[in-house]
Amino acid sequence: MNKYKFPYNGNDKHLKYFADNPCSNWSFQNFTDIFNSEKPSKTKIKSLLACYLNALNTIERNHKVPNDVKHHIRNLIDEEKKDKKSSSSIEYNIVATDSSRIYAIGDKNTVYAEASQLPLEEEESDDERIPSDLSIDHHPYRTAEYFFINEEPMQQKQEQQQQEEEVVHWLVNEGYNISEKCYTLKRNTQLMKRNPGSLSDLRLLALNDIFIFNNDLSSSVTKYFGTNIHQAIMSSLRFENYRPETPNKALIWCQEISEDPPSDFLSCLSVCSRYMAEAAEKKNNIDAHTAHVLTQILPLLIAGPPDRSIEDSYVHHFLAPLLQSVFSSDTRLKTRWANGNDLSNNESKAYKPDFVVYSMTINVKCVVLIAEFKPTEQSSTIESDSVKLARQMRTTYNDLVLNGVECPLVCGILTEGRHLKTFVMDMISPKLYRYINLSQVDVCFRIDQLYLIPAIVAKLLQLKNIALKTVVKAEASIMEAVESGRRRQPIPPQSWLSNDTHRLSRKRKKTPDNQ
1 MNKYKFPYNG
11 NDKHLKYFAD
21 NPCSNWSFQN
31 FTDIFNSEKP
41 SKTKIKSLLA
51 CYLNALNTIE
61 RNHKVPNDVK
71 HHIRNLIDEE
81 KKDKKSSSSI
91 EYNIVATDSS
101 RIYAIGDKNT
111 VYAEASQLPL
121 EEEESDDERI
131 PSDLSIDHHP
141 YRTAEYFFIN
151 EEPMQQKQEQ
161 QQQEEEVVHW
171 LVNEGYNISE
181 KCYTLKRNTQ
191 LMKRNPGSLS
201 DLRLLALNDI
211 FIFNNDLSSS
221 VTKYFGTNIH
231 QAIMSSLRFE
241 NYRPETPNKA
251 LIWCQEISED
261 PPSDFLSCLS
271 VCSRYMAEAA
281 EKKNNIDAHT
291 AHVLTQILPL
301 LIAGPPDRSI
311 EDSYVHHFLA
321 PLLQSVFSSD
331 TRLKTRWANG
341 NDLSNNESKA
351 YKPDFVVYSM
361 TINVKCVVLI
371 AEFKPTEQSS
381 TIESDSVKLA
391 RQMRTTYNDL
401 VLNGVECPLV
411 CGILTEGRHL
421 KTFVMDMISP
431 KLYRYINLSQ
441 VDVCFRIDQL
451 YLIPAIVAKL
461 LQLKNIALKT
471 VVKAEASIME
481 AVESGRRRQP
491 IPPQSWLSND
501 THRLSRKRKK
511 TPDNQ
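Everything in the sequence shown is counted per UniProt numbering, starting at 1 for the first residue and increasing by one.
Here is the structure:
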């Protein structure tokens, strides 16, 4: 192990340190000495520490690294964490440790700090007559005049100065600077604000420092970056570790019912009780939740499905059984439907999710999942529900960070008609919220669609596992604050967080009364 060198041939200078030096020489002191000796002006210690820990986490997540080396890496990370806690000065480490890996996910993510640079502007016309794009989220029915409301200052001077001293960039693969590309997209979108009605969801979100990443290039902010960068980014955003175990019988049960459905309520209960008993014995999560959901949905479908064009019917007959089964099965999680405002410091009308999942430690509520539902795929609202959900997730993320939760992940669910999408939001650079579309699956409305239930359950269980990671961190943070009498310093730093709000509103037509 002592002679092991990390096999790396890329351009990241910090990873090259671990490729050029044997494992026995790895230390933060040696790392600092080497990099400061190469520069006329010394790099700040906290910048180097962030680079050092980022590189260690990247190496530790690589499946080709031997287990004894991974153990050594975890010891190195723990050593620096202890030194950081004992320090009298506050230093921010924006990378997850071995016990909290929800910040930089994937083997190809690299984060480092360097002096701020102004990126070159993209060559893009600011002609207000030209729509920003004609992608799937273009809004051709915005024919009225629009303007932005609730615009807050883009950056406070104090935050600007702090970020100019030290900017943390998100790099992917061999030097793709994704942070700069996102910041450039936002600046170019600001030039198009004179015609807000033409802006796509991608650009509306960019104005709010939210950037959506989707495997579908046409629905992802990466369509402005090119195919190669899109593929590099999406391959680095990995959440496979949160997926549940593959089902044993769920798909077979659904197929059996579709081919030979029960004839009445009692026969439905008889079939479902047999499935429930088998699932309880085998202890497979997808099987158990599928059997549980079938006990509620199957009698409804046999009797004749209700009108799903009505929102209450759509939500409580077709979605609620799935959501309640998955998210109410753990005592650490609580659920709430659209009866109140669970997000702080916001207008209740603009920020009232249809469904939330949260934890309650002592008297502190931490929302970890937000959902928005629409029974049809077409909406008459000015802004789409995806934009609304993203803003609410950003607010939730800010609340968690300010409550001392270190590098949280916020989950989201969006259903529009027959489509159900799942999302995760985190941060990896200042003013850069990653709005990641994890999956999309269709909702079950008929008996011949029962095979969709195990797939939906699997997607929801993945979100639940992600949410529980944040809940564990929230509880640890709150209990630490109770014991110490003070709240943790925010990680990421508070200066990273954004409260910029660009929300579309329709202009009123001039009449003789209001001219």
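C-beta atoms are modelled at their ideal positions from N, C-alpha and C, and glycine is treated no differently. Here the structure is a predicted model, which is why all the values come from computation and not from measurement.
- Answer with buried or exposed for GLU406, where buried requires no fewer than 16 other C-beta atoms within 10 angstroms of its C-beta. That one is buried.
- Task: Just grab the DSSP bridge partners of ILE212 for me.
- Result: TYR435
- Message: Below 8 Å on the Cβ atoms is my contact criterion, and I expect LEU414 with ASP442 to pass it. Report the Cβ-Cβ distance as a whole number of Å.
- Response: Not really, about 13 Å apart at Cβ, beyond 8 Å.
- Query: Straight-line CA distance for residue 541 to THR396?
  - Reply: Lying outside 1 to 515, the shown extent of the chain, residue 541 is not represented and no answer is given.
- Item | Where the alpha helix (DSSP H) containing VAL401 begins and where it ends | 385-402
- Task: Could you spell out the range, first to last residue, of the beta strand (DSSP E) harbouring VAL373?
- Result: According to the sequence shown, residue 373 is Phe rather than Val. Under the DSSP assignment, PHE373 falls in the beta strand (DSSP E) whose first and last residues are 364-374.
- Message: Less than 8 Å between the C-beta atoms of ASN208 and ARG394, yes or no?
- Response: yes
- Message: Tell me which residues share the same chain as ASP201 and place their Cβ nearer than 7 Å to its Cβ, disregarding the 5 neighbours each side in the sequence.
- Response: ASP137, SER384, SER386 and VAL387
- Short check: CB of LEU171 to CB of ASN177, under 8 Å? yes
- Query: Contact between the stretch 360-377 and the stretch 454-472: three or more CB pairs below 8 Å?
  - Reply: Short answer: they touch.
- Message: Just to confirm the assignment, what range does the alpha helix (DSSP H) spanning GLU416 have?
- Response: First-last for GLU416: 410-416, but that is the beta strand (DSSP E), not the alpha helix (DSSP H).
- Task: Below 6 Å CB to CB, which residues in the same chain sit around GLN156 once its five sequence neighbours on both sides are set aside?
- Result: Note that GLN156 scores a pLDDT of 47, beneath 50, so its modelled location is shaky; the value from the coordinates is reported in the next line. Excluding sequence positions up to five before and after GLN156, its CB lies less than 6 Å from no other CB in the same chain.
- Helix or strand or just coil, what does DSSP make of LEU120? Unreliable positioning characterises LEU120 in this predicted model, as indicated by a pLDDT of 37, which lies under 50. The coordinate reading is nonetheless provided below. Note: LEU120 maps to coil in three-state DSSP.
- Rounded Cβ spacing between ILE212 and LEU205 (contact assumed at less than 8 Å): 6 Å
- Task: Can you check DSSP and say which residues form a bridge with MET427?
- Result: According to DSSP, which records beta bridges pairwise, MET427 is partnered with TYR433.
- Item | Simplified DSSP state of GLN462, which is helix, strand or coil | Note: GLN462 maps to helix in three-state DSSP.
- Can you have a look at GLU416 and say buried or exposed, based on whether 16 or more other CB atoms are within 10 angstroms of its CB? buried
- When the distance is taken between beta carbons, is GLY412 closer than 8 Å to ARG488? no
- Any 3 or more C-beta pairs closer than 8 Å across the stretch 415-433 and the stretch 265-272: no
- Query: What first and last residue would you give for the alpha helix (DSSP H) that runs through PHE265?
  - Reply: Taken as a continuous stretch (DSSP letters only), the alpha helix (DSSP H) holding PHE265 covers 265-282.
- Message: If I measure Cβ to Cβ from GLU245 and keep anything under 8 Å in the same chain, skipping five residues before and after, which residues do I get?
- Response: ASN284, ASN285 and ILE286
- Determine, using beta carbons only, whether PRO375 and SER477 come nearer to each other than 8 Å. no
- Task: Would you mind sorting GLN462 into buried or exposed? The rule is 16 or more other CB atoms within 10 Å of its CB.
- Result: buried
- Query: Closest to LYS459 by CA distance: which of LEU323, ALA481, ASP399 and ARG336 is it?
  - Reply: LEU323
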